[in-house]
Structure formats: structure tokens, C-alpha cells
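Accompanying notes for the structure given below.
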Amino acid sequence: MTDPAALRDVIPHEPGLWHQAAGRFLKRRSAVGSAALLLLVVGICVIGPLLYPHPYNQVYRDYILVPPGLTPRPDPTTIEKGFAKAVRDAGAKVVEYRIDDTRVVTAVVEARRNLDLDLMKKSLAIRGLFAPPHMTAEPGTSRAALTVATNTIVFPLGTDANGRDLLARIMVGGRLSLLIGLTATAVSLGIGVIYGAIAGYVGGRTDAFMMRAVDVLYGIPLLFFVIILVTFLGRNILLMFIAIGAIEWLTMSRIVRGQTMQVKAQEYILSARVAALPGRTILLRHVLPNILGPVVVYAALNLPAVVLAESFLSFLGLGVQEPMASWGVLVADGAGHMETSPWLLIYPGIALVVTLLSVTWVGEALHRAIDPKNLD
Amino acid sequence: MKISKTDRQPLLMCSSLTLRLPSNGPDTAAKAILNEVSFTMERGETLAVVGESGSGKSTLGLCLLGLLPKGLVPFVDGEIIFDRTNLIGLDEPSWRRLRGARISIIFQEPMTSLNPVMPIGKQIVEAIRVHRLMSKAAAWDEALALLKRVRIPDPEAKMYAYPGQLSGGQRQRVMIAMALSNSPDLLIADEPTTALDVTIQAEIITLLKQLRNDTGMALLFVTHDLTLVRSIADRVLVMQNGAVVEQGPANEVMQTPKHDYTRYLLACRPSGSKQPIPSGSPELLGVKNLTVNYTRSSSLFSKRSKTTALEGVNLSVKAGQTLGIVGESGSGKSTLARAILQLVSYDGQIRFAGQPVCKVASPGFIAFRKQVQVVFQDPYGALSPRMTIGEFIAEPLRAHFPELSQNERRHRVAELLEEIGLGRADMHRYPHSFSGGQRQRIAIARALVMNPQMLILDEPTSALDVSVQLQVLKLLRRLQEQHNLTYLLITHDLAVVSAMADEVLVLKDGREVERGATRQIMDDPQQEYTRRLVSAAMAV
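Chains P and X are the protein sequences, given in the same order. So in our numbering, spot 61 of the first sequence is number 1220, and the numbers just go up one at a time. So in our numbering, spot 181 of the second sequence is number 944, and the numbers just go up one at a time.
What follows is the structure, encoded as C-alpha cells:
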């Protein structure tokens, strides 16, 4: 077939479709920017709660609906009142009180009878306002000099109606929302694309039966489906993943089927059949790469739908339960306090919008990158 | 028509019409889509504008109608004087008064130019009433008269028909009726017959000629086909890359072309004939009593309806021979190709190299696949867009010759690319960076990669420009001689068949009309249908 002498000079290999697509993707500034933004959001949600001082479920009863800001709390008046109360509880009174810029309290206390330093320590600790104090009793008197640092709390994005830190809840909620989005996208890509491609490519009766099965699943309302699952398997967050995953691939399979039928009629598919290529090869090498565009775009559009479906289920009590959070739950919660505490809606909303936008942009950029026509 | 004898002003005068796109970026030069196009047209005259794709001939038509995309309008320069009015810079309301009333157009594709959910009559009435104050009843009568004038059979009933119920030729007649509804002074026909079968093409040309003589309108006939010019045009304008390279009376240009490009276009008709094969060559492909039925069912449970695409077709091709299969659309010629390629199910017998063709998915079937390959019509759909052409050509080797190393595959591809006139470095490029003719040659290379004995060529040149057509035919001829290939050449173009085929099979409505040696069919057709086909092909 070939001149053996010519075989000695090796024809250089060129990067393949995916390699080139990656190159095109990295060349576009908007693509890289949105991908970086998405990675940043994911990184904050995953690592953030580990480094952040407030646990997502701690209730600060004194700090309900605190507006966002970097003001350290408690404020000096609260500290003074709290300090006086703690001292009184330990059977003493404040003689001298001073608070400096670093929020360290220097005071002199005097007991009515005996000064019990241990009781004083406990009383101060129980308020949650103060670090362990440094006390020196003045010998011969019932007085003691006291130096104590205050526990400073900052709520950068404020707190909710239960006195929980909003930033902590957004980060933890983001983990759940992103995980659900990822699961649903993986399922719709994994099942939906394969199922739709097979139905569209084989066609005829197989296609009719496969698509009727999809229609039947379409006919089951999501809510009904989840209730059935909950009834049989008990309440579990995993169920929500299963339920949403089971619904989300349906639309994808329809889109893929339609695209496949269109591509199937192209002459290069016919010529692949004439070359007796196996059906699997034709599907993987000729059909799938050419329907990737709509698939990527739909997968990116899928995410908002899933996040909203999750919040709907959670609202009905079938999804995420308190004190766990998700973006959907936070937004729904914020909507209830929109007039009095708008930050409860604004910040989870921003998190959601930034994520969805960057996902859409990344999807769009991927779509363009895998099309060899956009080579330059 | 109002033609005053003293009116010496031409109907249409184009002078230095230029459409130049500004360069985007320092490295790209400004691109002229139209370059200094100047010509005049008198009333009642037919001017043919001839050129290949990219020559700017359709853009010229759009300029004359004010239908250029808005973004392009600022880049137009020059003058179009139509009946003493300069059309350049005309505002949209004035255009609307002109368009459809005094200047009309018919397009290439009659399928998409009509609204599919509106009866024909209503659409014509609408076209009339846009420009004239007229009662619906009067417009209806007028529409009927128009349908009669374009000689549609049974016009009263056709007024109520939907576009989908008409044939392609009838739809084009309806388009002509609509274009004529306001007695335009100028009719622009943009490739009006390209999508039609040859016999219908001839009828439409005759109709246009008659209508022009009756109404005295001027006809601007845009076409890629120089042979049409002879039969319709008074004068001809040859365009290349946006510029007019030659213009003059049709006879003069056709007989004594002055410009090289015109000469080149005229020489591009396929010519010559195939060398006969040595007698006693064995039969390679034999088809007996082939029948293909398409069944379709609208749902799972409804009864299946059956249409017969091909009935009782016999044919035999000897090794090294080319059998031309000729027919108009709907004749079953592409179905025949698909049946031989085992892409559709059929009844009857197909024998290849003396053996009956095996069932799909048996080892013998793969052997058949390696021997018979196909080249399709559409060079844009023929290549997988997400694959480099090297991968695409080598793909059958990967599947059927797994013992070959990647390097060996590449060398085979390089060898083929050089054979079809491309370079070996081209194997790393994607299909979109090739022209139509190059793509068609790549499709041929892919078909040849497994060294088949037979190629089925399904309209291999119909979608290509004339000059490219000839190159592809030359390539096919050379490949046939070098590799002793057997061709089954399916086409509607009798000129291609007469240059390429040993024997011809004429199909109509799924049945054989006539079969015989090419010379005999072309010179002395026995059947009435073949005679009509040959005379239509020679006339236009």
C-alpha cells in the first residue's frame, strides 16, 4: 500500500481536537476570566467554612438581624453593661472601669464580702463576651484589679433572623447548591446524552419506545416523585439528589436525540456507514463531537433550574432541613425579610447570580472553543 | 407598457457601482464585493449576468432591489439610475414603493420563497394589494389571470392549493406570477432554474421569454450557467470577483469571447468521451429486479403507508466501466445508490464480483464494504466538521486495518492527498478551511483509502461551480485509468454522463425508461421521455 522507504520519515503529529479546543479556550480572556471567577466561588465555598470563625449553625441570640458591616461587636456600651452584670452576678461591684482602643477592659472590682476569683472567672466566661481574665487580688482588701480582653465578633454580611452569620451560611449553602448542580449536570450528561444519542441514531421503533419511556417520566410531577421516594426510603438529603438527577436528564436526552437525528442525515455519517465503521465509532467520533454545542449550552442552563428546583423542594420541607442551608433556601428566606433586612436577599442572590453567570459564560466559551471554525 | 418613442434614456444605468468592505485590521486588505460595475439596460431587453460563486452577481441583484443588509449600505459607491431616479441612498419608503411594483425578483429556491401555510391565491392577492388600491374580488380575478398567464394547469383549483401541493416547477411559476402582479419594468431572476429539473428548466425559460415579449419588461437574468445565456439573453455580462470582465451581445460573447475568463468558462463544459473497456471484462456489479419500498408510519400503532421508490430495476456493470444513471428528481436514482450500498432495505438481487452481497454485519459484508465506496453530492455535508481531514480520510483504515501503525496510516493519507492535488500538510486542517471543490476531492480521497474496486458517485459535481466541476471530472477520469476503477455515476446532467459514461440507464418514477451505450442514447434515443430529456439538455 505504501512505499516502505517513505515510512522512515515520520509525519509529525498535530494536537487533537480537544488539545486545540483547550488552546482556543485559554486564548479568550473572557473565557479564562469567567472560569477563574467560577473557581474562586467554588474555592470559597469549599475551603471558606474551614477558615471562617463562625460555624454556620451557631445562634448568637444577642445579634439578631445585624446589618452587614465590619463594625466589631459587641459595642462598648454592651460590653460595659455585660461586664457590670457579670461582676454583680459574682457578688461584686465595679469600682473603676476603662476600655481602650484594642477593646481590652481594665477595671477594679470590689466584693461586698469575700472576693471569689473563681466565681468571677466563671461569671465572665458564661456571657461569651470575654476571654479568660487576668486578675490580681489586692492583698488585705476585697478588691481586685482586672484585665480582660473582649471577644470581638464581626458579621461581614450580617446575621439572619435567628442570629446566624450570613457569610457562613452562604458558603455552606454554596457547597450544597454546587454539589446538586454538579450531580444533576453529571447525570444529564451521562444518562441524557447517551440515551438520546442512541435513540436518535438507531431510530425507528427503538427510538419510539425509548422516547415514550422519557414521556412517561416527564409525566410524573417532580413533587410526586420526591414524595414517593420519601415515603419508601425515609427523609434523606440523598433522595433529593436522586430525584433531581432522575428528572434532569430527560430534557437533555430529547435535545440530544433531535440533534443526533439531524446529524445522522448528513452525508459524512452515510459515508462512515459505507466504510463499515462500527455504530459505536460513528456515534462517538462523528455524531457526538458535532452535537456538543447545544449540549454544552443546555448543561450550563441546567444549573439555575436545578438550584431553583432544590429550593422549591426545601421550601416544602422535602429537601434541605434547618440548620443546613442552600442558596435556594437562603434566597427564599431572604425574600421573606426583603423589606426590613434586604441583605438577607441581596448577598445569597449575588452569590447565585455570579455563579450562574460564570457557568453560562464558561459554557459559551467551551461551545466556541470546540468548534474548529473559530480557529483564529 | 408605456414606451415612448422619444424616450432615449435607458431604463437602468449602473455606473461604477462599488461595494468595498473596509479592512478590519492592518493585515487584511479592503475587500471589494462589487468593483466598478457599469452597464445599461433598455426596456424589453434581457441581460444575463454570468459568474461563479463569489463573483458578486447575486449581490448586484440585491443592490438593484435595495435589499442589501443594512450594515453594508454605507459602503456602496457609484450610481444606479433607474428611470431617471438614483437608487443609491434612496430611503426605505421610496424603496417600498419601487420594490415589487416596478422592480421585482424571483429567487432560486421556489420551495422557501412561498409561505407554506397560505393558499397560493391569497399570496398573489396580497402581493397585488400591497401596491394597488383594489377590492379583494378584483384582485382575486387578477391573480387568476396571472396564473393563467404563467400557464399553470387548472388555475382555478390552484388558487386554493398550498405551496406544498405544487411541484417545484409550478411553484416557480407561482413566484413568477407574483413577481409580475404589478407589471414591473424590470424583473430580476436570480438563478430561477438552478433548483429545477432540466425539462422543467426549459419550460420556465420559454415562459420567461414569452412573458418578456408580451409585457416589454426588462429581464436581468442572473446565472452561473453560460449555456442558458444562449437561449434567453440579448446581452451578457460576465463577472469575476466582483468586477465585470466582459460584456456585449450574447452571440458575440459566446462565439468570440474576448476575455480569458469567458473563454475559460465556455471551455468548462465537460467534453470528450470515455475510452471503451477491453471486451470480455467480467461483470462486477449485477442488479436484478431491484425494488425499494419506503414504508412510513406516523405513530407506533397507525397503519404503515407504502411508497415505491424503485421498481424492478436491472443493471450490470463490468469492471472498469462507468454506468451513468440519469433521471430527474424523484426518479429513484439516489435510492438506487443507497440500495446498492445497503443503506436501505430492498427486494431483489444484488451480486458483486459474482457473489451475492452478504447480510449486514457478517464478515463477507465487511469485505463488500471495502470494495464499494461512495461520494455524495454535497461537499459541505460530506466531511465530518470536527475532524481534521487526515483523521477523516484515515478512519476506515483504523477500523479495518488495525495492524497499520499511525505513521503508516499517515503515509497512506499523504499519498492520497498528493494524488488529489493537495499537499500532505493539509491533513492537519479542518474541513471548513477548504473550498467546495477541494472538499469534494477530499471526499473522493476518503472513498479511495481502502483501494475499492468500485465508486458510486451520487451527483458528484452538481453542487460545484462549472470550472471546479471540470477539475473534479478530470480527477475522476484520471483515477479511473490509474486504478482501473468501476464507476456508477448518478447525475441529472447529461453533459457529464456523455463525457464520462460507457453506458447509460435512464430512470423515471422508479422505473427504467431506456438503457444503452452512451453514444446511442445521446444521438438516437428510442423513448419519448429520453428524447425530451436530451433535447432539453441540448437546448438550454
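Glycine included, each C-beta is placed from N, C-alpha and C at the ideal position.
According to DSSP, Thr1019 of chain X shares a beta bridge with no other residue.
Closest in alpha carbon position to Ala1072 of chain X, among X:Asn1052, X:Gly863, X:Lys1096 and X:Gly1049, is X:Lys1096. Asp948 of chain X is a Cβ neighbour of Asp846 of chain X, given a cutoff of 8 Å.
Counting C-beta pairs with one atom in each stretch, the stretch 1234 to 1251 of chain P and the stretch 1520 to 1535 of chain P have fewer than three that are closer than 8 Å, which means they do not touch. Distances from the CA of Val1080 of chain X to each of X:Gly1090, X:Val1267 and X:Gly884 were compared; the closest alpha carbon is that of X:Val1267. Around Phe1197 of chain X, no beta-carbon contact reaches into chain P at under 7 Å, the shortest distance being about 12 Å.
Counted as a single uninterrupted DSSP element, the alpha helix (DSSP H) harbouring Phe1368 of chain P occupies residues Gly1363 to Gly1378.
Spanning the alpha carbons of Arg998 of chain X and Glu1046 of chain X requires a straight line of approximately 50 Å. Residue pairing by DSSP places Gly1011 of chain X opposite X:Val999 in a beta bridge.
In the assembly as shown, Gly863 of chain X is a buried residue. Its beta-carbon has 16 or more other beta-carbons within 10 Å. Within the same chain, Leu1146, Asp1189, Met1190, Arg1192, Pro1194 and Ile1205 come within 7 Å of Ile1152 of chain X by CB-CB distance, once the 5 residues on both sides are set aside. Collapsing the DSSP output to three states places Gln1421 of chain P in a helix.
In the three-state reduction of the DSSP assignment, Arg892 of chain X falls in the helix class, which pools H, G and I. In this structure, the beta-carbon distance from Arg806 of chain X to Gly979 of chain X falls below 8 Å.
Taking the Cα of Met1330 of chain P as reference, the smallest distance to any Cα among P:Lys1280, P:Gly1487, P:Arg1220 and P:Pro1501 is reached at P:Gly1487. Neighbours of Tyr1427 of chain P in chain X, taken as residues at a C-beta separation under 7 Å, are given in chain order as Gly1144, Ala1145, Leu1146 and Ser1147. At a beta-carbon threshold of 7 Å, the residues of chain X lying near Lys1532 of chain P are His1195, ordered along the chain. Bounds of the alpha helix (DSSP H) holding Met1263 of chain X are Leu1257 to Met1263.
Looking from the CA of Leu775 of chain X, the closest CA among X:Val880, X:Leu983 and X:Ser816 belongs to X:Leu983. CA-to-CA, the gap between Thr1311 of chain P and Ser1282 of chain P works out to about 18 Å.
For Ala1266 of chain P, the enclosing beta strand (DSSP E) begins and ends at Val1263 to Ala1270. A check of alpha carbon separations from Pro837 of chain X across X:Ser876, X:Gly814, X:Thr781 and X:Arg859 identifies X:Thr781 as the nearest. The CB of His1163 of chain X comes closer than 9 Å to the CB of Ala1434, Ala1435 and Leu1436 in chain P, given here in chain order. Here Thr809 of chain X is buried, its C-beta having at least 16 other C-beta atoms within 10 Å.
Where Phe1115 of chain X is concerned, the enclosing beta strand (DSSP E) starts and stops at Asp1110 to Phe1115. Among the CB atoms of chain P, none fall inside 8 Å of the CB of Val1080 of chain X.
When C-alpha distances from Asp904 of chain X are compared across X:Arg1209, X:Val888 and X:Leu896, the shortest belongs to X:Val888. Look at Leu1210 of chain P: its C-beta is not under 8 Å from any C-beta on chain X. Listed in chain order, the beta strand (DSSP E) elements of length 3 or more contained wholly in the stretch 829 to 905 of chain X are 839 to 845 and 866 to 869. For Gln1136 of chain X, the enclosing beta strand (DSSP E) begins and ends at Val1135 to Val1138. Ile883 of chain X sits buried, since 16 or more C-beta atoms from the chains shown fall within 10 Å of its C-beta. For Ser1412 of chain P, the nearest beta carbon of chain X is not closer than 8 Å to its own beta carbon.
Residue contact with chain P for Leu1106 of chain X: present (Cβ-Cβ distance below 8 Å to some residue of chain P). Secondary structure note for Gly1207 of chain P: it is in no beta strand (DSSP E), and the uninterrupted alpha helix (DSSP H) holding it is Arg1188 to Leu1210.
In the three-state reduction of the DSSP assignment, Ile1529 of chain P falls in the coil class, being assigned neither a helical nor a strand state.
Proximity of Ile1103 of chain X to chain P, defined by a Cβ-Cβ separation below 8 Å, is not satisfied.
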